[in-house]
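Asks: Residue numbers (our numbering), protein chains in the order written: chain F, 1 to 84; chain A, 101 to 184. Note that the Cβ used here is the ideal one computed from N, Cα and C, for glycine as well. Mind having a look at this structure? Questions to follow.
Below is the structure:
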């Protein structure tokens, strides 16, 4: 594997896992003040399309990264709209 | 262009632009309650690496999408840590 690829994998790991502390914070505190609901509507729709794209082109990295991010982002969206 | 590609482009557009309403909300209200600072530290680091990766592999779509997302995510990170 080229050294470039490691930068890509590290980038994907960071952007994917970054949603974990946000999900934990929202799940434990139920405080969604300051969080944009529109952001999570657009983001979750985008992730579903990314996942579909990953499956269509049969790229495991794209599918897995977006499936995981969806797992973290979906509860944030649900709690945001429930707490209104 | 294959029809798959359009799903990928739509996915990238949605996940990139989703940070715009969050940036506008944080810039106008200065309310960052509920937003995880750790998320934005990890996310911004990840975006910088994605941008580097896009430049290294000379992929304009990867570079542009991550440059734009960085433009929206960076003010959120700065305001989050200033408002402490």
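Please report whether the beta-carbon of residue 53 of chain F lies at a distance below 8 Å from any beta-carbon of chain A.
Replies: yes
Asks: Give me the residue from F:26, F:12, F:38 and F:35 with the minimum Cα distance to residue 69 of chain F.
Replies: F:12
Asks: Closer than 7 Å by beta-carbon distance: list the chain A residues that pair up with residue 90 of chain F, in chain order.
Replies: Here chain F covers residues 1 to 84 and nothing more, so residue 90 of chain F does not appear.
Asks: With a CB to CB cut of under 6 Å and the five nearest residues on each side skipped, what residues in its chain are close to residue 177 of chain A?
Replies: 140 and 144
Asks: Determine the closest residue to residue 18 of chain F out of A:182, A:136, A:150 and A:123, with distance taken between C-alpha atoms.
Replies: The residue with the shortest Cα to Cα distance from residue 18 of chain F is A:136.
Asks: When the Cα atoms are used, what is the spatial distance from residue 129 of chain A to residue 27 of chain F?
Replies: 23 Å
Asks: For residue 55 of chain F, I'd like the list of residues in its chain whose CB is within less than 6 Å of its CB, leaving aside the five on either flank, ordered along the chain.
Replies: Same-chain partners within the cutoff: 63.
Asks: Excluding the 5 residues flanking residue 60 of chain F on each side, which residues of the same chain have their C-beta closer than 8 Å to its C-beta?
Replies: So the list reads 54, once near-sequence residues are dropped.
Asks: Between residue 43 of chain F and chain A, is the shortest Cβ-Cβ distance under 8 Å, so that the two count as touching?
Replies: yes
Asks: What does residue 111 of chain A reach in chain F if we use C-beta pairs closer than 7 Å?
Replies: 46, 49, 50 and 53
Asks: I need the boundaries of the alpha helix (DSSP H) containing residue 5 of chain F, first residue and last residue.
Replies: 3-17
Asks: Going along chain F, which residues have a C-beta under 7 Å from residue 118 of chain A?
Replies: 39, 42, 43 and 46
Asks: Determine the direct distance from the alpha carbon of residue 107 of chain A to that of residue 115 of chain A, and round the result to whole angstroms.
Replies: 12 Å
Asks: Taking the alpha-carbon positions, what's the residue 81 of chain F to residue 47 of chain F distance?
Replies: 18 Å
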